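In our numbering, the protein residues as written are 1 to 192.
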């Protein structure tokens, strides 16, 4: 079995980034559980030129990132919370995704914010966004405030538990998606 192709996308625009730390933590935990081929992107790297209004006008690094997200077996996405929602640039990237390429794709949602009052953004903003795409979103989302990430690592044990749970769920969703692909390929080969 080939390693699962995972794209981790962090909607941060500067470094250091707690959002990137959280996305990387989920990816690292998934990598401890199974072989993965990880591509990690963030807006701090590819954000220049993101003001394009059509996919054809995107700079190559962003176009490659969009293609990688669409071709991945699973996604780990994260956004910092701005005024109770995901960042505008994060959403701008998501707007370029082909809904058909994201349908049924396993996804873990993460976010970082200034404190507990931002925690529900994942459920009220990110989950419906990926619900629109009919992605298979892991039940456990991961949110971390300023006090839960220190020195470039998740420092809060409850957040670490959620990271582990989300990674485990993503692993299960990847297995289900792979089984569905195999079953579909088998039916197609049999002419059904």
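Glycine residues also receive a C-beta, built at the ideal position from the N, C-alpha and C atoms. Every value quoted in this text rests on a predicted model; they were computed, and no experiment measured them.
Secondary structure at residue 40: strand, using DSSP grouped into helix, strand and coil. Runs of alpha helix (DSSP H) with 4 or more residues, each lying fully within the region 1-62, are found at 18-33 and 43-46, listed in chain order. Across the set 167, 46, 73 and 131, the C-alpha of 73 shows the shortest separation from the C-alpha of residue 181. In this structure, DSSP gives residue 80 an extended state, which the three-state scheme calls strand. Its chain contains 26, 108, 138, 140 and 142 as the residues whose beta carbon lies nearer than 6 Å to that of residue 166, once the 5 sequence neighbours on both sides are disregarded; these appear in chain order. Under the three-state reduction of DSSP, residue 109 is assigned to strand. Beyond the five residues adjoining it in sequence on each side, residue 63 comes within less than 8 Å, by CB distance, of 55 in the same chain, given in chain order.
Close CB contacts of residue 46 within its chain, under the 7 Å cut and outside five residues either way in sequence, are with 61, 62 and 65 (chain order).
DSSP links residue 164 through a beta bridge to no other residue.
Shown here, residue 97 sits in coil according to DSSP, grouped into three states, outside any helix or strand.
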